[in-house]
Ligand SMILES: [Cu+2]
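Here is the structure:
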């Protein structure tokens with residue numbers, strides 16, 4: 001068993017690593033961690049059933065724990081973080097352990113759980129365990145079930161969990177919810193649900209209102225221009241990688257001000273669970289779109305028997321956009337229009353990694369705009385425009401989108417067609433249903449450290 005110091009070190013490492021970089025915890029490392037759980041190994045022996053398939057949360061780390069006797073102890077720190085929603089668009093959010101959404105917690109049915117919550121925010125907070133059937137004084141309702149946690153304060157939650165399914169934790173202060181404060185909490189059943197799945201994912205849906213030239217969301221706004229899956233907007237979202245004919249579960253969690261009709265291309269799924277747990281098989285009707293309401297969770301399952309890179313996305317048009325039209329001025333629109341003249345699909349012919357920009361080419365705000373198309377732009381603006389406060393207004397990939405393939409390279413995007421990033425915005429990602437050879441190749445790349453250039457090298461086509 002690891003010492004407390006080791007435990008704290010691992011927490012801090014994950015927290016620090018999540019800031020300003022891809023907050024992806026290794027599922028393999030987490031599986032090893034899970035394997036060291038006494039209760040998990042005992043449970044396997046008793047039931048003679050294999051351990052649960054661990055839930056992957058792309059772009060969000062897993063929260064490690066330590067065993068204290070028979071108690072699984074977790075540690076969450078509420079804090080201010082920076083999150084890059086899409087290339088060049090970093091914002092200040094509030095989350096947990098360096099991540100928005102907060103790190104994913106996975107436990108087994110029957111576990112005794114302790115969660116230490118430290119408040120590093122400048123104001124009071126409280127943690128609510130959404131849907132948990134636990135004693136009232138552990139519910140996290142500030143002012144009634146407990147006194148709120150003061151700045152620099154701590155509250156220790158402890159309870160035994162008898163439920164199963166897709167749950168989540170969140171601050172019970174409304175404004176803090178809109179600053180990002182939610183995380184996934186999976187309760188695995190003692191006996192795996194039938195039929196068993198090969199792949200299990202969770203996606204937290206959030207929305208932020210970030211006005212042009214602002215770095216902090218307006219938590220009072222009723223209109224949102226950044227829509228995220230696991231704290232990333234397309235094309236920065238990380239695709240779900242599955243092998244052809246895998247049975248796949250996706251757990252959709254919504255905490256915001258809008259409902260999201262989530263649509264999957266190329267497959268028909270069934271809804272097998274809600275925020276209340278597993279649903280009876282008699283309720284499983286065929287669907288390809290499911291409306292996930294505010295504060296709801298929805299588990300969908302399907303057999304990935306149709307090969308391809310299938311979009312999965314919210315179908316509300318404004319939720320398939322980044323930064324929408326708010327504050328877009330004529331100059332930026334003109335630039336985009338001019339750029340696309342004579343080139344109906346800008347960027348599709350110019351996807352070589354980062355060609356040098358023309359000497360007078362404008363440099364738009366943020367490296368996200370220094371795309372492969374920079375060499376096609378006409379010098380219509382001042383050379384120093386980028387240093388002028390207020391320019392450009394927030395036309396982030398508005399209109400004809402920019403090709404940022406090279407800025408979102410990662411193993412999970414390996415083999416996507418050139419220019420794919422122009423058509424992914426907001427709550428959009430892929431379920432990539434891959435033949436075994438390509439699946440194995442991407443998994444091998446994921447196991448390599450990110451510093452290995454081969455782990456993120458871009459190729460033009462499947463198996464190329
Ligand atoms: Cu939506």
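In the numbering used here, the protein residues as written are 1 to 464.
For each residue, glycine too, the CB sits at the ideal point set by N, CA and C.
Host alpha helix (DSSP H) of residue 438 (start-end): Per DSSP, residue 438 is one residue of the alpha helix (DSSP H) stretching across 436-447.
Measuring from the CB of residue 227, is there a heavy atom of ligand 1 at a distance below 7 Å? Residue 227: yes, Cβ under 7 Å from ligand 1.
Would you report the Cα separation of residue 64 and residue 109, rounded to the nearest angstrom? Near 17 Å, if we compare the C-alpha coordinates of residue 109 and residue 64.
Taking one C-beta from the region 401-413 and one from the region 207-225 each time, how about it: are there three or more such pairs within less than 8 Å? Inter-segment contact for the region 401-413 and the region 207-225 is absent: fewer than three beta-carbon pairs are separated by less than 8 Å.
Under a Cβ-count criterion, where at least 16 other Cβ atoms within 10 Å of its own Cβ denotes burial, should residue 87 be classed as buried or exposed? Buried.
With DSSP collapsed to three states, give me the class of residue 240. Strand.
Which residues bound the beta strand (DSSP E) around residue 177? From DSSP, residue 177 is part of no beta strand (DSSP E) but of the alpha helix (DSSP H) over 174-177.
Would you kindly work out how many angstroms separate the C-alpha atoms of residue 106 and residue 52, rounded to a whole number? Whole-angstrom Cα-Cα distance: 10 Å.
Own chain residues within Cβ distance below 7 Å of residue 344, not counting five before or after: Below a pLDDT of 50, predicted positions are generally treated as unreliable, and residue 344, at 29, falls in that range; the measurement from the model is reported next regardless. So no residue of the chain qualifies.
Apart from the five residues on each side of it in sequence, which residues of its chain come closer than 8 Å, Cβ to Cβ, to residue 150? Closer than 8 Å at Cβ, skipping near neighbours: 119, 124.
State buried or exposed for residue 319, treating a residue as buried only when at least 16 other CB atoms are found within 10 Å of its CB. Answer is buried; the Cβ neighbour count reaches 16.
What do you reckon, is the C-beta of residue 428 under 7 Å from a heavy atom of ligand 1? No, since every heavy atom of ligand 1 falls outside the 7 Å radius drawn around the Cβ of residue 428.
Tell me where the beta strand (DSSP E) around residue 198 begins and ends. In this chain, residue 198 is not harboured by any beta strand (DSSP E), its DSSP state being neither H nor E.
Which residues count as close to ligand 1 when the rule is a CB under 5 Å from any of its heavy atoms, in chain order? In chain order, the hits are 260, 314, 316, 319.
Out of 73, 303, 321, state which residue places its alpha-carbon closest to the alpha-carbon of residue 209. Of the listed residues, the one whose Cα sits closest to residue 209 is 321.
Neighbourhood of residue 447 by C-beta, 6 Å cutoff - its chain only, sequence neighbours within 5 removed: Contacts found: none.
In three-state terms, what does DSSP make of residue 412? Helix.
Which first and last residues belong to the beta strand (DSSP E) in which residue 263 is found? Start and end: 260-264.
Between 75, 300, 83, 427, which lies nearest to residue 259 when the distance is taken from Cα to Cα? The shortest C-alpha separation from residue 259 is found at 427.
C-alpha distance - residue 70 paired with residue 159, whole-angstrom precision: Each residue's Cα considered, the two are about 12 Å apart.
Could you check what DSSP says for residue 68 in three-state terms: helix, strand or coil? Strand.
Which of helix, strand or coil does DSSP assign to residue 137? In the structure shown, residue 137 sits in a helix (DSSP, three-state: H, G or I).
At what residues does the beta strand (DSSP E) containing residue 171 begin and finish? Looking at the DSSP string, the run of the beta strand (DSSP E) that includes residue 171 is 165-171.
Grouping DSSP H, G and I as helix and E and B as strand, with all else coil, what is residue 385? If DSSP states are grouped into helix, strand and coil, residue 385 belongs with the helices.
Leaving aside the five residues before and after residue 223 along the sequence, list all residues of the same chain whose C-beta is less than 7 Å from its C-beta, in chain order. Only 209 meet the Cβ criterion.
Who are residue 278's beta bridge partners in DSSP? Paired residues: 273.
Identify, in the order they occur along the chain, each residue of the same chain with its Cβ nearer than 6 Å to the Cβ of residue 252, setting aside the five sequence neighbours on each side. Excluding sequence neighbours, residue 252 sits near 203, 262, 292, 298.
If I follow the unbroken beta strand (DSSP E) through residue 93, where does it start and stop? Per DSSP, residue 93 belongs to the beta strand (DSSP E) from 89-96.
DSSP three-state call for residue 284: helix, strand or coil? Of the three classes helix, strand and coil, the one that applies to residue 284 here is coil, per DSSP.
As a quick exercise: from 148, 157, 144, pick the residue whose alpha carbon is nearest that of residue 134. Of the candidates 148, 157, 144, the one whose C-alpha sits nearest the C-alpha of residue 134 is 157.
DSSP three-state assignment for residue 309, whether helix, strand or coil: It is a strand residue.
Report the partner residues of residue 467 according to the DSSP bridge assignment. There is simply no residue 467 to check, as the chain begins at 1 and stops at 464 in what is shown.
Which of the three DSSP states, helix, strand or coil, is assigned to residue 215? Looking at residue 215 - three-state DSSP - the assignment turns out to be coil, as it is neither helix nor strand.
Can you list, in chain order, the residues of its chain with a C-beta nearer than 7 Å to that of residue 177? Leave out the 5 residues immediately preceding and following it. Excluding its 5 nearest sequence neighbours in each direction, residue 177 has C-beta neighbours in its own chain below 7 Å: 170, 171, 255, listed in chain order.
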